[in-house]
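>
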Amino acid sequence: MSDLTHVDDHGRARMVDVGAKPVQRRVARARGCIRIAPETAARIAENAIKKGDVLAVAEIAGVQAAKQTAALIPLCHTVYCTDIQVRARLDADAVVVVSEVAAQDRTGVEMEALTAVSVALLTVYDMCKAVDKTMAIGDIVLVEKKKE
413 MSDLTHVDDH GRARMVDVGA KPVQRRVARA RGCIRIAPET AARIAENAIK
463 KGDVLAVAEI AGVQAAKQTA ALIPLCHTVY CTDIQVRARL DADAVVVVSE
513 VAAQDRTGVE MEALTAVSVA LLTVYDMCKA VDKTMAIGDI VLVEKKKE
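Under the numbering used here, the letters of the sequence shown match residues 413 to 560, in that order.
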C-alpha cells in the first residue's frame, strides 16, 4: 500500500502532507456534458425554463462548487483559488460545460475543476428535470493540469 499516497502503512485513509512542496501556479481544466432532448435545448435557448437562465445559473453554481471542493471531498486540501472560469455551451442535444481553475498553492486544482463541471451539470439537471426525463450526465474528464 506504500505506493498509494492517501493510505498509510496500515491501510487507513489519510490526508497527504504537502507542506514541504513549493508554492507554484497550478492550473486545471475539465469538461463534461449532459445530454438533453432537443425540445429541452430549445426551451433553454428561449430562456423558457421556469427556474430561470439555465446556463447562467449553472456557471455560477460551478464557480461556487469549485470554492467548496475541500468541504465536499474528504481528503482534498483547501486551496486558495485565484481564478475560476466556468462556461456552459448549449448544443442541439446537450449542454457542454468547461472549467478552468488556477491557484498559487502546493497542490493541484484538478479536483476543483472537476467539481465545478460536475455541479454545473447537476444544476442543469435540476433546473430541467421537470421537462426532460431523458437527461444523462457523462463524459466528465480532466482535460489538462499543469504547474508553472
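Positions of the beta carbon are idealized from the N, C-alpha and C atoms, including for glycine.
As the structure is a computational prediction, the values presented were derived from the model and not from experiment.
If you reduce the DSSP assignment to three classes, tell me which class residue 495 lands in.
Residue 495 falls in the strand class under three-state DSSP.
> Less than 8 angstroms between the C-beta atoms of residue 523 and residue 552, yes or no?
No, the pair does not count as a contact, with Cβ atoms beyond the cut-off.
> In whole angstroms, what separates the C-alpha of residue 514 from that of residue 507?
Roughly 23 angstroms between the two C-alpha positions.
> Look up residue 551 in the DSSP assignment and say whether it is helix, strand or coil.
The answer is strand: DSSP assigns residue 551 an E or B state.
> Rounded to whole angstroms, what's the CA-CA distance from residue 423 to residue 430? Just pull it up for me.
Going by the C-alpha atoms only, they are around 20 angstroms apart.
> If contact is defined by three or more beta carbon pairs under 8 angstroms, each pair taking one atom from either stretch, is the stretch 473 to 483 in contact with the stretch 528 to 542?
Contact holds: three or more Cβ-Cβ distances are below 8 angstroms.
> Sorted by chain position, which residues of the same chain lie with C-beta nearer than 7 angstroms to residue 531's C-beta, five sequence neighbours on each side aside?
473, 474 and 477.
> Rounded C-beta distance between residue 448 and residue 505? I'm assuming under 8 angstroms.
Correct: roughly 6 angstroms between the Cβ atoms.
> Does residue 413 pass the burial test, meaning 16 or more other C-beta atoms within 10 Å, or should it be called exposed?
Interpretation of residue 413 is limited by its pLDDT of 42, a score under 50 that renders its predicted location unreliable; no figure is taken from the coordinates.
> DSSP state of residue 413, grouped into three classes?
Note that residue 413 has pLDDT 42, beneath the 50 cutoff, so the model's placement of it is unreliable and the number below is only indicative. Three-state DSSP puts residue 413 in coil, outside helix and strand.
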